[in-house]
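*Asks:*
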Amino acid sequence: MNIIRKHDIFLKAGNDIELIPLLDGHLPLLYKWNNDPEIVYWSDSGNFEVCTEEDVRGIYGMVSQNAYCFLMLYKDEPIGDCWLQKMNLPDIIERHPGKKVYRIDMTVGEKEYWGKGLGSLALSALMEFAFEAEKVDILYLISCDYNERSRRCAIKNGFCECGKTHVYDSDRAKFEYLYSMDRDTYLKNKRTK
Numbered sequence: 021m022n023i024i025r026k027h028d029i030f031l032k033a034g035n036d037i038e039l040i041p042l043l044d045g046h047l048p049l050l051y052k053w054n055n056d057p058e059i060v061y062w063s064d065s066g067n068f069e070v071c072t073e074e075d076v077r078g079i080y081g082m083v084s085q086n087a088y089c090f091l092m093l094y095k096d097e098p099i100g101d102c103w104l105q106k107m108n109l110p111d112i113i114e115r116h117p118g119k120k121v122y123r124i125d126m127t128v129g130e131k132e133y134w135g136k137g138l139g140s141l142a143l144s145a146l147m148e149f150a151f152e153a154e155k156v157d158i159l160y161l162i163s164c165d166y167n168e169r170s171r172r173c174a175i176k177n178g179f180c181e182c183g184k185t186h187v188y189d190s191d192r193a194k195f196e197y198l199y200s201m202d203r204d205t206y207l208k209n210k211r212t213k
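For what it's worth, this note's numbering labels the leading residue of the sequence shown as 21, then goes sequentially.
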């Protein structure tokens with residue numbers, strides 16, 4: 021039995037970025053990235069220093085049941101993972117009754133590729149898939165107060181800050197910022213590019 025739910029979606033972002041289905045065979049990479057304190061610091065607002073293999077199997081096994089999970093490739097080399105997930109936060113779901121609300125989460129796990137705009141390219145491919153193929157009504161990104169790169173990436177891709185929530189159970193984050201975009205805004209931005 022698979023830990024990560026399979027799908028058959030492949031996405032391209034520019035000439036060099038591909039998003040391929042995340043599979044159980046990729047778990048060693050996920051263990052590696054989630055076992056590096058510096059990577060975990062930037063990708064999780066909680067107090068995890070690192071994740072155990074059991075943690076990683078549990079996280080990706082659970083998330084993939086309601087998400088399209090991808091391995092990010094740059095020039096055919098794995099550099100991170102990302103997913104397009106049905107919104108799982110009750111307070112956000114309640115704000116949008118009857119709407120199809122999703123979120124995007126992403127980790128660039130290979131540090132030499134941080135700050136090079138590759139996450140932004142992957143984000144644009146996920147946005148296109150969400151709004152055009154999945155017909156999502158509203159898309160969210162969530163970023164911690166200390167992760168300026170993530171927050172700049174959201175704004176660069178047309179998301180608007182729509183609130184922040186206090187984080188009570190974290191030694192490193194005081195707030196999580198919410199960024200959103202609706203389908204009409206996405207289509208308007210696409211027409212004006």
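Ideal Cβ placement from N, Cα and C applies to all residues, glycine included.
Measure the beta-carbon distance from V219 to Y88 and round it to whole angstroms, keeping in mind my assumption that it falls under 8 Å.
*Replies:* Coverage of the chain is limited to positions 21 through 213, which leaves residue 219 absent and any answer about it impossible.
*Asks:* Within 10 Å of its beta-carbon, does A193 have 16 or more other beta-carbons around it, so buried, or fewer, so exposed?
*Replies:* The residue is buried, with at least 16 neighbouring Cβ atoms inside 10 Å.
*Asks:* How far does the alpha helix (DSSP H) with T212 in it extend, from its first residue to its last?
*Replies:* From DSSP, the alpha helix (DSSP H) with T212 extends over R203 to T212.
*Asks:* In angstroms with no decimal places, state the Cα-to-Cα distance between E114 and F30.
*Replies:* Going by the C-alpha atoms only, they are around 31 Å apart.
*Asks:* What are the boundary residues of the alpha helix (DSSP H) that E181 is part of?
*Replies:* Not the alpha helix (DSSP H): E181 falls in the beta strand (DSSP E), residues C180 to H186.
*Asks:* Between the beta-carbon of E69 and the beta-carbon of V60, is there less than 8 Å?
*Replies:* Yes, Cβ-Cβ distance for E69 and V60 is below 8 Å.
*Asks:* Determine the DSSP secondary structure at I113, reduced to helix, strand or coil.
*Replies:* Note: I113 maps to helix in three-state DSSP.
*Asks:* In three-state DSSP terms, what is Y199?
*Replies:* Note: Y199 maps to strand in three-state DSSP.
*Asks:* When you compare the CB positions of S140 and K176, do they come within less than 8 Å of one another, or not?
*Replies:* A contact, by the Cβ cut-off of 8 Å.
*Asks:* Pop quiz: D165 and D202 are said to be a contact at Cβ under 8 Å. What is the actual Cβ separation, rounded to whole angstroms?
*Replies:* With 8 Å as the limit, D165 and D202 do not qualify as a contact, their Cβ atoms being about 24 Å apart.
*Asks:* Alpha carbon to alpha carbon, what distance is there between L49 and M92?
*Replies:* Distance between the alpha carbons of M92 and L49 is about 11 Å.
*Asks:* Do the region 183 to 192 and the region 136 to 151 make contact, defined as three or more Cβ pairs closer than 8 Å?
*Replies:* Not touching, per the Cβ criterion.
*Asks:* In angstroms, rounded to a whole number, what distance separates the CA positions of A150 and L104?
*Replies:* Distance between the alpha carbons of A150 and L104: 7 Å.
*Asks:* What first and last residue would you give for the alpha helix (DSSP H) that runs through E36?
*Replies:* Checking the sequence shown, residue 36 turns out to be Asp, not Glu. Counting along the chain, D36 falls outside any alpha helix (DSSP H), and DSSP gives it neither H nor E.
*Asks:* What residue range is occupied by the uninterrupted alpha helix (DSSP H) comprising S170?
*Replies:* Where S170 is concerned, the enclosing alpha helix (DSSP H) stretches over E168 to K176.
*Asks:* So, does the CB of T205 fall closer than 8 Å to a CB anywhere in chain B?
*Replies:* In summary, chain B is missing from the structure at hand, where a single protein chain is found.
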